[in-house]
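The numbers in the working numbering rise by one with no breaks, and the one at position 232 of the sequence shown is 239.
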Amino acid sequence: MPEPIVIDTPQAMTEWAVEVGRRDMTLGFVPTMGALHEAHGSLIDRAKQENDAVAVSIFVNPTQFGPSEDFAKYPRPFEADLALCEAHDVDAVFAPSPEAMYDRDMRTWVEVGGLADNLCGLSRPGHFRGVATVVAKLLSIVRPDRAYFGRKDAQQLRIVEVMVRDLNLGCEVVGCPIVRDPDGVAVSSRNRYLSVEERRQARCLNQALQLCERQVDGGERNAIKLIEAMTNLVQEQPDAEVDYIALVNAETMQDLEILEGHVLCALAVKIGTTRLIDNTTFEIAPE
Ligand code: PAF
8 MPEPIVIDTP QAMTEWAVEV GRRDMTLGFV PTMGALHEAH GSLIDRAKQE
58 NDAVAVSIFV NPTQFGPSED FAKYPRPFEA DLALCEAHDV DAVFAPSPEA
108 MYDRDMRTWV EVGGLADNLC GLSRPGHFRG VATVVAKLLS IVRPDRAYFG
158 RKDAQQLRIV EVMVRDLNLG CEVVGCPIVR DPDGVAVSSR NRYLSVEERR
208 QARCLNQALQ LCERQVDGGE RNAIKLIEAM TNLVQEQPDA EVDYIALVNA
258 ETMQDLEILE GHVLCALAVK IGTTRLIDNT TFEIAPE
């Protein structure tokens, strides 16, 4: 595969994208924070299938990390990331510095009302403001026809969908399936922080989701009962600390008491010091 072109300024990135459009080619875009893995590979492959050219951004976005979060220690294996992009036939990698992305006098922020108040938004105040702002900036710079996001970050995906609709950003937002390792753990850049024992315990997130699925299949609709069962299962692991386990409407992200319609079952659990998230969805017909 030819090496992707590496671009580090917003202006050069836009020029490249405009040239792609001028040649009547469609552009797919995969925004990432690097530390690329198989799940990013699957987003890139989907983008390759559906577009003539593909750009990937690698940018550890400082504005979506809280003061006590892992921004400084977030992995930045740039050469390995480039190798993955090359192996997946990416055409361009956009890797700007924080200074190139954020003017010192930056005053404009994007907030998507109502969708960021629950789940990860509750435990990570300001996180989705940072995500929505950087994704809006990236989409304005890259101007893709389609942008690809993993469903593991279900709340992020919903926020991006609504932001793109509300701001007429003019690209299609494509949600892609969660990629799991053979032990059921959702693939994530943060999995590399887990010790062998923590990795074993991390299986409890997917196990809790499976338990919920079985109970819903068996007719249970009471959110409190389902959450209690999942919490008990997770708490069997000595190093697991529940951040949240929630059943919400998948469009509004608001808590449900009785499951109905398009339901998102989402959880965030700390295994040792590593915070992991996972989710599943159900479609439940009204009784
Ligand atoms: O999901 C991520 O990796 C990030 O939140 C994103 C969408 C690249 C924005 O920084």
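Ideal Cβ positions, reconstructed from N, Cα and C, are used throughout, including at glycine.
Query, Result
"I'd like to check one pair, Val241 with Leu212: are the Cβ atoms closer than 9 Å?", "yes"
"For a minimum of 4 consecutive residues, which ranges assigned as the alpha helix (DSSP H) are wholly contained in the stretch 168-244?", "203-208, 210-224, 230-242"
"Where does the unbroken alpha helix (DSSP H) through His47 begin, and where does it stop?", "45-57"
"Any idea which residues DSSP pairs Glu248 with across the strands?", "Lys277"
"Comparing the CB of Ser64 with every heavy atom of the ligand PAF, is any distance shorter than 8 Å?", "yes"
"Thinking Val255 and Asn125 are a contact (beta carbons under 8 Å), I'd like their distance in whole angstroms, please.", "6 Å"
"Since I believe Val13 is in contact with Ala79 (beta carbons under 8 Å), could you give me their beta-carbon distance rounded to a whole number of angstroms?", "Contact doesn't hold; Cβ gap of about 23 Å is too wide."
"To the nearest angstrom, how far is the alpha carbon of Val180 from that of Ala42?", "22 Å"
"Bridge partners of His95, per DSSP?", "None, per the DSSP bridge assignment."
"With a CB to CB cut of under 7 Å and the five nearest residues on each side skipped, what residues in its chain are close to Gly157?", "Ala46, Leu50, Cys183, Ile185"
"Does the stretch 93-107 come close enough to the stretch 133-141 to have 3 or more Cβ pairs within less than 8 Å?", "no"
"Can you name the start and end residues of the alpha helix (DSSP H) that Arg153 belongs to?", "Looking at the DSSP string, Arg153 is not in any alpha helix (DSSP H); the run it does join, the beta strand (DSSP E), is 153-157."
"Can you tell me whether Pro105 sits near the ligand PAF, meaning its C-beta is under 8 Å from at least one heavy atom of the ligand?", "no"
"Can you say whether Arg150 is buried or exposed, counting buried as having 16 or more other CB atoms within 10 angstroms of its CB?", "buried"
"What do you get for Glu294, buried or exposed, if any count of 16 or more other CB atoms within 10 angstroms of its CB means buried?", "exposed"
"Here's the rule I'm using: 16 or more other beta-carbon atoms within 10 Å means buried, otherwise exposed. How should Pro38 be labelled?", "buried"
"Compute the distance between the beta-carbons of Leu274 and Ile265, then report whether it is under 9 Å.", "no"
"Excluding sequence positions up to five away, which residues of its chain have a Cβ less than 7 Å from the Cβ of Glu10?", "Glu93"
"Please enumerate, following chain order, all residues with a beta carbon closer than 6 Å to at least one heavy atom belonging to the ligand PAF.", "Pro38, Thr39, Met40, Asn68, Gln71, Val138, Val141, Val142, Asp160, Gln163"
"Please classify Gly35: is it buried, with 16 or more other beta-carbons within 10 angstroms of its beta-carbon, or exposed?", "buried"
"Just verifying my parser: in three-state terms, what is the DSSP assignment at Leu266?", "coil"
"Quick check on DSSP: helix, strand or coil for Arg114?", "coil"
"Whole-angstrom Cβ separation of Pro69 and Pro17, contact assumed at under 8 Å?", "The pair is not a contact, with the Cβ atoms about 16 Å apart (cut-off 8 Å)."
"Taking Thr33 as the reference, which of Arg199, Lys159, Asn58 has the closest Cα?", "Asn58"
"Can you list, in chain order, the residues of its chain whose CB lies under 6 Å from that of Leu91, leaving out five sequence neighbours each side?", "Leu43"
"Whole angstroms is fine: what's the gap from Val192's alpha carbon to Glu243's?", "17 Å"
"Smallest Cα separation from Val142: which of Ala292, Tyr155, Lys159?", "Tyr155"
"To the nearest angstrom, report how far apart Gln71 and Ala292 are at their CA atoms.", "36 Å"
"Taking the CB atoms as reference points, tell me whether Gly268 and Ala257 lie closer together than 9 Å.", "yes"
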